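J.:
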RNA sequence: GUGGUUGUAGCUCAGUUGGUUAGAGCGCCUGAUUGUGGUUCAGGAGGUCGUCGGUUCGAGACCGAUCUUCCACCCCA
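Numbering (my numbering), first residue to last: 5 to 458.
1) What is the DSSP secondary structure of residue 341, reduced to helix, strand or coil?
2) Helix, strand or coil for residue 120? Go by DSSP, reduced to three states.
3) With respect to the alpha helix (DSSP H) encompassing residue 36, which residues constitute its N-terminal and C-terminal limits?
4) Cα-Cα, which of 22, 114 and 149 is closest to residue 16?
5) For residue 321, which beta-bridge partners are listed by DSSP?
6) Taking all protein chains shown into account, do 16 or more other C-beta atoms lie within 10 angstroms of the C-beta of residue 233, making it buried, or fewer, making it exposed?
7) Quick check on DSSP: helix, strand or coil for residue 5?
8) Beta carbon of residue 60, beta carbon of residue 109: below 7 Å?
9) Can you tell me the Cβ-Cβ gap for residue 86 and residue 93, rounded? I've got them flagged as a contact below 8 Å.
10) Verify whether the separation of the beta carbon atoms of residue 129 and residue 157 is less than 7 Å.
11) Residue 195: buried (16+ other C-beta within 10 angstroms of its C-beta) or exposed?
12) Less than 7 Å separating the beta-carbons of residue 394 and residue 366?
13) How would you call residue 416, buried or exposed, if buried means at least 16 neighbouring beta carbons within 10 angstroms?
14) Please report the residue range of the beta strand (DSSP E) in which residue 290 lies.
15) Given that a residue counts as buried once 16 or more other Cβ atoms are within 10 Å of its Cβ, and exposed if not, what is residue 342?
16) Tell me, to the nearest whole angstrom, how far the beta carbon of residue 275 is from that of residue 251; I am working on the premise that it is less than 8 Å.
17) For residue 408, which of 440, 390 and 214 has the nearest alpha-carbon?
18) Report the CB separation of residue 31 from residue 131 in whole angstroms; it is logged as a contact under 8 Å.
19) What's the call for residue 351, buried or exposed, on a 16-neighbour Cβ count within 10 Å?
20) Closest to residue 229 by CA distance: which of 208, 70 and 218 is it?
21) How long is the line joining the alpha carbons of residue 71 and residue 257, rounded to whole angstroms?
22) Just the C-alpha distance for residue 456 and residue 35, rounded to the nearest angstrom, thanks.
23) In its own chain, which residues sit with a C-beta less than 7 Å from the C-beta of residue 325, not counting the 5 before and 5 after it?
24) Relative to the C-alpha of residue 344, which candidate in 321, 334, 13 and 20 has its C-alpha closest?
25) Can you say whether residue 38 is buried or exposed, counting buried as having 16 or more other CB atoms within 10 angstroms of its CB?
26) Where does residue 358 sit, in a helix, a strand or coil, going by DSSP?
27) Alpha carbon to alpha carbon, what distance is there between residue 76 and residue 6?
28) Grab me the residues of residue 445's own chain with a C-beta within less than 8 Å of its C-beta, minus the 5 sequence neighbours each way, in chain order.
29) Quick check on residue 448: does DSSP put it in helix, strand or coil?
30) Assuming contact is defined by CB atoms lying nearer than 7 Å, are residue 339 and residue 163 in contact in what I supplied?
31) CB-CB under 6 Å to residue 388, same chain, minus the five flanking residues each way: which ones, in chain order?
32) How is residue 437 classed by DSSP in three states: helix, strand or coil?
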């Protein structure tokens with residue numbers, strides 16, 4: 005077989021020991037909080053039936069799905085006429101599976117398939133990779149991890165309040181403060197669209213509105229007029245976006261424009277729950293222009309944006325009233341959030357917020373001069389590990405310099421040296437790699453010494 | 001998916017209008033130091049110039065395709 009330069013598929017990455025340790029740190033932080041709030045972990049396959057995935061994320065989303073070709077002779081279900089009719093006709097004949105695009109839709113499938121075993125309300129969390137055939141950029145990968153927590157089987161807005169608190173706990177634990185948590189209600193967007201004379205065009209309205217902070221007011225107004233918005237009414241809508249002040253006041257303001265509705269009622273109730281938490285330090289910004297893309301959201305929606313790093317949204321979520329409906333289970337409402345592990349990593353890295361020395365290394369390295377000393381070392385390894393000390397031995401009797409160099413590179417704080425003299429005395433040289441000091445100690449004293457320093 | 005951008009040693013990068021044998025710093029290896037790393041000194045290894053094709057007497061440089069990187073759309077974690 006001809007040799008070739010190895011390479012990775014576009015938008016995928018390897019993670020070395022240091023990166024993996026940092027990723028684990030974020031995952032553990034999020035996971036601990038999920039557990040603290042009463043969520044239970046589940047996992048679903050990397051691949052789903054294409055029929056489960058397609059049509060759930062809009063036309064754009066379908067385009068971004070990674071399809072898996074059928075196994076074996078993948079052309080056997082198709083003929084040349086399928087090929088001539090184009091890719092849309094050919095696709096279902098050669099591909100029946102796809103890589104999952106997010107964790108919410110597979111979760112909805114899970115709920116429907118396991119509805120008889122699940123006790124509602126069901127609180128689950130899930131930390132797994134997802135795949136999107138997007139053009140990669142900074143903070144945008146084709147394979148990335150989502151950390152989701154959802155509650156299904158309850159309409160209570162207490163859940164929204166809980167998730168809000170959870171978001172703050174996670175970022176507090178990670179030591180990141182440069183974020184803003186924005187919220188809105190899908191129903192308010194719908195009402196605003198109708199008010200502006202865009203009944204039936206609510207979704208295009210959302211897409212345009214969502215770009216407000218990016219392209220500016222004038223461009224948004226221009227685009228909305230182009231799809232048929234009423235100029236005067238639109239001015240009221242745009243003005244409502246720039247309302248300043250307390251979130252509860254903003255709700256009152258918007259009610260003056262579009263009247264009381266499900267959105268304003270729910271937001272009022274939600275803010276009331278937050279108040280009852282007794283914590284006043286939550287930074288939440290009600291932003292009527294926040295739209296969020298995923299088409300299945302119907303109630304309150306969340307988005308966490310990094311303000312001091314150019315990376316966009318690092319956490320998103322919201323309520324979906326009827327997600328399981330498409331799989332035949334009606335009337336099951338859910339609300340959830342999704343933390344973007346890879347983007348959070350990029351933020352913590354850029355802001356220098358990772359704790360020092362996350363990489364796991366041994367506490368002590370055993371070095372030796374020859375085969376006999378090495379064998380002797382195996383017994384010591386066992387004793388060290390039994391005492392809870394992370395210990396490893398250099399596996400070859402090479403020059404001391406090389407063995408010490410290894411300890412230095414791996415930042416192992418202690419080196420234990422075994423020579424014939426040491427074996428005779430039953431004491432070993434223990435060198436502290438940080439200050440360079442060294443003394444002869446029995447294995448018991450060595451264990452004490454290292455344990456004290458840990 | 002549309003438009004642009006990037007690729008030279010393990011890493012960060014030089015490389016003149018196309019012209020002999022493609023360089024530097026850091027890292028790596030060896031020795032000074034045959035029982036000791038991180039400092040110092042001396043020496044050494046390492047490159048199909050992303051890949052394939054084309055133009056040319058001659059290509060790292062020019063042209064085309066392709067892969068990859070980053071960016072703007074689109075969309076999103």
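Using N, Cα and C, we set each Cβ at its ideal position, and we do this for glycine too.
Remember, predicted model here, so these are calculated numbers, not experimental data.
T.: In this structure, then:
1) Mapped onto the first chain, residue 341 falls at position 337. Strand, per DSSP.
2) Here residue 120 is taken as the residue at index 116 of the first chain, counted from 1. Of the three classes helix, strand and coil, the one that applies to residue 120 here is coil, per DSSP.
3) For the purposes of this step, residue 36 is taken as residue 32 along the first chain, with counting starting at 1. Looking at the DSSP string, the run of the alpha helix (DSSP H) that includes residue 36 is 21-40.
4) The count along the first chain starts at 1 and reaches residue 16 at position 12. Nearest of 22, 114 and 149 to residue 16, Cα basis: 149.
5) Translated into positions along the first chain, residue 321 becomes position 317. Paired residues: 306 and 341.
6) Residue numbering aside, residue 233 sits at position 229 when the first chain is read from its first letter. Flag for residue 233 reads buried.
7) As a first step, residue 5 must be located in the first chain, where it is residue number 1. Reliability of the predicted coordinates at residue 5 is poor, the pLDDT of 41 falling under 50, and the value obtained from them is presented with this limitation in mind. DSSP places residue 5 in coil when its eight states are reduced to three.
8) In the first chain, residue 60 corresponds to position 56, counting from 1. In the first chain, residue 109 corresponds to position 105, counting from 1. The answer is yes: Cβ separation under 7 Å.
9) Residue mapping note: residue 86 aligns to position 82 of the first chain, counting from 1. Residue mapping note: residue 93 aligns to position 89 of the first chain, counting from 1. The pair is a contact, with the Cβ atoms about 5 Å apart (cut-off 8 Å).
10) Walking along the first chain from the start, residue 129 turns up at place 125. Walking along the first chain from the start, residue 157 turns up at place 153. No. Outside cutoff.
11) As a first step, residue 195 must be located in the first chain, where it is residue number 191. It counts as buried.
12) Looking up residue 394 in the first chain gives position 390. Looking up residue 366 in the first chain gives position 362. Cβ distance < 7 Å, so residue 394 and residue 366 count as in contact.
13) The residue labelled residue 416 in the question sits at position 412 within the first chain. Looking at its Cβ environment, which holds 16 or more other Cβ atoms inside 10 Å, residue 416 is buried.
14) Taking the first chain and counting its residues from 1, one reaches residue 290 at position 286. From DSSP, the beta strand (DSSP E) with residue 290 extends over 288-290.
15) Numbered from its first residue, the first chain carries residue 342 at position 338. Flag for residue 342 reads buried.
16) As a working note, residue 275 is residue 271 in the first chain. As a working note, residue 251 is residue 247 in the first chain. Indeed, because the Cβ distance is near 6 Å, the residues count as touching under 8 Å.
17) Taking the first residue of the first chain as 1, we reach residue 408 at position 404. The residue with the shortest Cα to Cα distance from residue 408 is 440.
18) Stepping through the first chain from its first residue, residue 31 is reached at position 27. Stepping through the first chain from its first residue, residue 131 is reached at position 127. Contact flag correct, Cβ pair sits at about 6 Å.
19) One-based indexing of the first chain puts residue 351 at position 347. Label assigned to residue 351: buried.
20) Your numbering for residue 229 matches position 225 in the first chain. Of 208, 70 and 218, the residue nearest in Cα terms is 208.
21) Taking the first residue of the first chain as position 1, residue 71 is located at position 67. Taking the first residue of the first chain as position 1, residue 257 is located at position 253. Using only the alpha carbons, I get a separation of about 47 Å.
22) To locate residue 456, count along the first chain from 1; it is residue 452. To locate residue 35, count along the first chain from 1; it is residue 31. Their Cα atoms are separated by approximately 30 Å.
23) For this step, residue 325 is matched to residue 321 along the first chain. The residues are 302, 303 and 337.
24) Here the question's residue 344 lines up with position 340 in the first chain. Considering only alpha carbons, the answer is 321.
25) Translated into positions along the first chain, residue 38 becomes position 34. Counting Cβ neighbours within 10 Å, residue 38 comes out buried, since at least 16 surround it.
26) For the purposes of this step, residue 358 is taken as residue 354 along the first chain, with counting starting at 1. It is coil, neither helix nor strand.
27) The sequence position of residue 6 within the first chain is 2, counting from 1. The sequence position of residue 76 within the first chain is 72, counting from 1. Low confidence applies here, because residue 6 scores a pLDDT of 48, under 50, leaving its location unreliable; read the following figure in that light. Their Cα atoms are separated by approximately 24 Å.
28) As a first step, residue 445 is located in the first chain; it is residue number 441 there, counting from the start. Excluding residues within five positions, the ones whose Cβ falls inside 8 Å are 431, 432, 434 and 453.
29) Mapped onto the first chain, residue 448 falls at position 444. Here residue 448 sits in helix by DSSP.
30) As a working mapping, residue 339 is identified with position 335 in the first chain. As a working mapping, residue 163 is identified with position 159 in the first chain. Yes, Cβ-Cβ distance for residue 339 and residue 163 is below 7 Å.
31) In the first chain, the residue the question calls residue 388 occupies position 384. Taken in chain order, the residues that qualify are 395.
32) Here residue 437 refers to the residue found at position 433 of the first chain. Note: residue 437 maps to coil in three-state DSSP.
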